[in-house]
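A short worksheet on the structure shown next.
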Amino acid sequence: MCTVSVIRVGPTSMRLVSNRDEALTRPPALAPEWRTRDDRRALWPTDSAGGGTWIAVNDRGLALAILNLNLEPAPVLPAGLASRGGIIPALAHAATWHDAVDQANDLDLGVYAPFRLLVTQARADVIVGSTLRWDRSRLKDEPFETTRLCLVSSGLGDSLVAPRLGLFDELIPPGAESPAAQDAFHAHAWPGRGPISVMMSREGARTHSVTSVQVDAAGASPRVAMDHRLVAWARDPARP
């Protein structure tokens, strides 16, 4: 369960934000750390339960985020599937979003439950990349070139949280992209509609954290930063 948005925030800059929704019993994730592979560095927080991650950025300005894909009706999944949290670490050191897509196609995807993966980079005046949709039959590659994009999911059924997309259009209309508007979107909760809210809350699950990635791709070496913030209840050792 997640809400992910990415917006253009400057001529060569983008900002990606992910609300991570999990069970109340899931422990808080570990703080972001840099990892080096083949002289390339990537930054991500670590799921302390599964060992993987749901968001990353590397020193080439490539950002990735993953969401569960909750098909309706829900398929019967085989036992022993691998954690989808292992997908981004396998791709996070790619040089470009094209390379990340190619590498995703080379993975043994049959060991994973359905997912959607966002891979994106900033270019002059736009955000480019692809959303990859795995439904356990095929990996569908959906390239995009835009200034704003939002993806949502819910364990209750992805269609139930479609109102989040309308809220995204309302709070961040085309041409009005800004970090402040994006933060307002990711902090939004409808009164009495916690299960479908962006800042989600329902019996047994809530939004655990909000993680943002900022990329400025100007020049030969992109500048990247990540901010990982636990939601207040998740910082409390006595949380319900």
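Going by this note's numbering, the sequence shown opens with residue 4, and the numbers climb by one from there. In this text, a Cβ means the ideal position worked out from N, Cα and C, and glycines have one as well.
The C-alpha of Q106 lies about 14 Å from the C-alpha of W137.
Setting aside the 5 residues that flank it on each side, A116 is surrounded in the same chain by L80, L84, each with a C-beta closer than 6 Å to its C-beta; the list follows chain order.
Of the candidates H101, V218, P31, the residue whose Cα lies closest to the Cα of V227 is V218.
The Cβ atoms of A26 and S212 do not sit closer than 8 Å to each other.
Leaving aside the five residues that flank R38 on each side, the residues in its chain whose CB is nearer than 6 Å to its CB run, in chain order, A45.
Of the candidates P30, T6, N61, P30 places its Cα closest to the Cα of A52. In the structure shown, G13 adopts extended strand secondary structure according to DSSP, grouped into three states. According to DSSP, residue pairing for N71 in a beta bridge involves F118. When S204, L168, G195 are compared, the shortest CA-CA separation from F188 is found for L168. Ranked by Cα distance from W100, the options R18, R126, P182 are led by R126. Taken atom to atom, the span from the alpha-carbon of G88 to that of T49 is near 9 Å. With fewer than 16 neighbouring CB atoms inside 10 Å of its own CB, V114 falls in the exposed class.
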